[in-house]
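These protein sequences, in sequence, are chains A and B. Each position in the first sequence, counted from 1, maps to that position plus 16 in the working numbering. Each position in the second sequence, counted from 1, maps to that position plus 16 in the working numbering. Below is one structure, written out as C-alpha cells, with a few remarks after it.
2 protein chains.
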Amino acid sequence: MTGSLVIAGLGPGAEGMITPEVTAALSDATDVVGYVPYVNRVAPRDGLRLHPSDNRVELERATLALEMALKGQRVVVVSSGDPGVFAMASAVFEAMENRPDFQTLDIRVLPGITAMLAAAAAIGAPLGHDFCAINLSDNLKPFVLIERRLRLAAQADFAMAFYNPRSASRPEGFARVLEILREECGPDRLISFARAVSTPDQHTATVTLAEATAEMADMRTVVILGNASTRRVGRFVYTPRSAA
Amino acid sequence: MTGSLVIAGLGPGAEGMITPEVTAALSDATDVVGYVPYVNRVAPRDGLRLHPSDNRVELERATLALEMALKGQRVVVVSSGDPGVFAMASAVFEAMENRPDFQTLDIRVLPGITAMLAAAAAIGAPLGHDFCAINLSDNLKPFVLIERRLRLAAQADFAMAFYNPRSASRPEGFARVLEILREECGPDRLISFARAVSTPDQHTATVTLAEATAEMADMRTVVILGNASTRRVGRFVYTPRSAA
C-alpha cells in the first residue's frame, strides 16, 4: 500500500469556508493529525484514526505524520486557516530535512482561507493594496526583529496583518507593538480587531491607533492595520487600490 | 424585493478550491458581474444574468453591480482568487463613497483562495514566515514606490509574493524588479515562478535570483521570493518557522 501525506487548511472556522478538495482529502484519509482544536473540527467516522496533539509540538507531530505515511497510511495534517501561513506546512518540511525516506513520499499541500483574508472580508477590504503579514508570537523570533519589521513595513506604507497578537505568557508584547505603530504611523491610522472570524463568536471593531489598547486583542484575534490611505465607507473599512 | 451584493472570490482556477459559501451565493444570484474570464467560470442557468466586462473598468463594473442591487437584484461580483487582494472588493467600496444609498445595501465579502497561497502550496511552504504581497502593476502606483517597497521589504527580510509581475505593455518593469532584488538579496536567494496555478496548465519552477530572467513570468504567473532562510528540501521549497 502506498501512503500519502496531505497538509490541509481548514479555514478560519466556518464549514462554508472549507474547500471541496480539503473535504475530499479528509474523506479519503486513514489518519488525521493536528493540534487538538483543529482535529476536533474533523467528524469522526469508521476507519478514521484521529491523532490530536498539544500546541508547540509541531515537529514531533510532523514526524509522526510522516512516519505513518511511510507505513502506507493516508495521512492528513490539519491546520486552521492556510497550512502555509504560520501553520503546519513549514514544520512538515522541516521534519523532512536529513530524511531522504520522507522526501520521496507522496506529499501535497492544500491551501485554505487564512485568518487575515476572512478577517479582511468581514471588515471590508483593508488589504486591498500592498500588505504584509507578521506573526507577533516571539516564540520563534526575538522581539527586536519584530520591531525592526514593524518599522520598515510602516516606512513602506504596507497595510499589515498581525497573527498571534497576544498571549497570557507575554501580555506586554502587543502593548509595545501598538506604541511602535503609533510612533511610525501617527494616532489617526485605522486598526481593526477581528476575533473568532466566521464563527458564531465573531466580533470585529475598528478604531484609531490612538484609541487602540492591547486588551482589544487575544489569541483568537487577527489584527489589521491600514495603510496611510485606509478609510471608512459606511460600516466598512477599505484600502483604495491606488497609492496615496 | 430586497437586493443584495456579494463580492466573491472564485479561487485561482480549480473547482475544488471554490468554497461552499461562494458556490451557494452563485446558486442564489440573479446577476453575476465581473471581468470576462472570471464570469466565464460561472455556469449559465435559467434566471441568471451574466454581465461580463473588460479589464480596467473596475469602477464602472462596481457601480453597475451596486445599481442592480439597489433595484432589488441579488448580485454577485466575482473575482479570481480572493476579492480583497488586488481585486474587486476595494473597487466596490470606492464606488460607494459619496453614495449613501449604496452604503445601506446588504453587502458581504466572501473570501477565496488567493493566488499566492495556491502557488505557495504548489511549491511547498515559501510563505511560512513573515511575508508581504506586492502588486507589481504600475497602473495604480508609480514605479518609484514599487522600488521603495521592494528595498524596505528586503531589508525587513520578508518573503515576498508578487502579483501581476509582467505585461506586454511594460515588459521592462519586471527586469528592473529582478535587478533591485539582486542588489538587496544577493544572487543565491531562491525565487519561484508559479504559472496558472491549480489549472491543467500549472507550471512551477524555482531558481536563484542569479538565474532568474524576466521571461520566466507572464500575467498568469505569481512570483514568490524566499527570505534569507528559505531553502529546498527534496522537490519542495520552504521557509522555516524560525528567524535566521
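Backbone N, C-alpha and C define an ideal beta-carbon position, used for all residues, glycine too. Only a predicted model underlies this, so the values are computations on that prediction, with no experimental measurement involved.
Residue i (DSSP reduced to helix, strand or coil)
i, result
"B/F118", "helix"
"A/R256", "For the sequence presented, residue 256 of chain A should be read as Pro rather than Arg. In this structure, A/P256 counts as coil in the three-state DSSP scheme."
"A/P68", "strand"
"A/D47", "strand"
"B/L161", "helix"
"B/I129", "coil"
"A/M176", "strand"
"A/G32", "helix"
"A/T215", "coil"
"B/F190", "helix"
"B/R90", "strand"
"B/A59", "coil"
"A/V249", "strand"
"B/V108", "helix"
"A/R205", "coil"
"A/R236", "coil"
"A/R182", "coil"
"A/A228", "coil"
"A/A170", "helix"
"A/T220", "strand"
"B/A136", "helix"
"B/L143", "coil"
"A/V101", "coil"
Buried or exposed by the 16-neighbour rule on C-beta atoms within 10 Å, applied to residue i
i, result
"A/D70", "exposed"
"B/M112", "buried"
"B/K87", "exposed"
"B/V160", "exposed"
"B/H145", "buried"
"A/N151", "buried"
"B/L75", "exposed"
"A/M235", "exposed"
"B/R90", "buried"
"A/F127", "Before going further, note that residue 127 of chain A is Pro rather than Phe in the sequence given. Buried, since its Cβ has 16 or more Cβ neighbours within 10 Å."
"A/V253", "buried"
"A/R72", "exposed"
"A/E110", "buried"
"A/T229", "exposed"
"A/A226", "exposed"
"B/T18", "exposed"
"B/D217", "exposed"
"B/R61", "exposed"
"A/G202", "exposed"
Residues that residue i contacts on chain A, provided the C-beta gap is smaller than 7 Å
i, result
"B/G144", "G100, A105 and S106"
"B/K157", "S258 and A259"
"B/F109", "G140, A141, V249, F252 and Y254"
"B/M112", "V249 and G250"
Contact set between residue i and chain B, taken where Cβ atoms lie within less than 7 Å
i, result
"A/L161", "A259"
"A/A149", "D146 and F147"
"A/E288", "Missing from the structure shown is residue 288 of chain A; chain A here goes from 17 to 260 and no further."
Proximity of residue i and residue j at Cβ, strictly below 8 Å
i, j, result
"A/A134", "A/M232", "no"
"B/V238", "B/F178", "yes"
"A/P28", "A/A131", "yes"
"A/L121", "A/A85", "yes"
"B/S208", "B/T224", "no"
"A/R165", "B/A172", "yes"
"A/F48", "A/V55", "In the sequence as presented, Phe is not what sits at residue 48 of chain A; that position holds Val. Yes, Cβ-Cβ distance for A/V48 and A/V55 is below 8 Å."
"A/A259", "B/L156", "yes"
"B/R267", "B/L241", "With chain B running from 17 to 260 in the structure shown, residue 267 of chain B is simply not present."
"A/G50", "A/V108", "no"
"B/T46", "B/R65", "yes"
"A/V125", "B/A141", "yes"
"A/A82", "A/L21", "According to the sequence displayed, residue 82 of chain A carries Leu and not Ala. Yes; because the gap between Cβ atoms is below 8 Å, this pair is in contact."
"A/G189", "A/D154", "yes"
"A/T215", "B/T35", "no"
"B/V92", "B/A30", "no"
Listed by chain order, chain A residues near residue i by CB distance under 8 Å
i, result
"B/T35", "G27, G32, M33, I34, T35 and I129"
Any non-hydrogen atom of the ligand NAP closer than 7 Å to residue i Cβ
i, result
"A/Y54", "Here there are no bound small molecules, and the ligand NAP is not part of this structure."
Residues from the segment 120-137 of chain A in contact with chain B, defined by Cβ distance under 7 Å: Those would be V125, L126, P127, I129, T130, L133, A134, A136 and A137, in chain order.
Residues within the segment 244-260 of chain A neighbouring chain B, beta-carbon criterion of under 8 Å: Answer set for the segment 244-260 of chain A: V249, G250, R251, F252, Y254, T255, P256, R257, S258 and A259.
Chain A contacts from the segment 164-176 of chain B (Cβ-Cβ distance under 7 Å): Contact residues of the segment 164-176 of chain B toward chain A are R164, R165, L168, A169, Q171, A172 and F174 (C-beta to C-beta distance below 7 Å).
Interface residues of the segment 174-207 of chain A facing chain B [CB-CB below 8 Å]: Listed in sequence order: F174.
Chain-ordered residues of the segment 78-99 of chain B with a beta carbon less than 9 Å from chain A: Listed by position, the residues of the segment 78-99 of chain B near chain A (Cβ gap below 9 Å) are D98 and P99.
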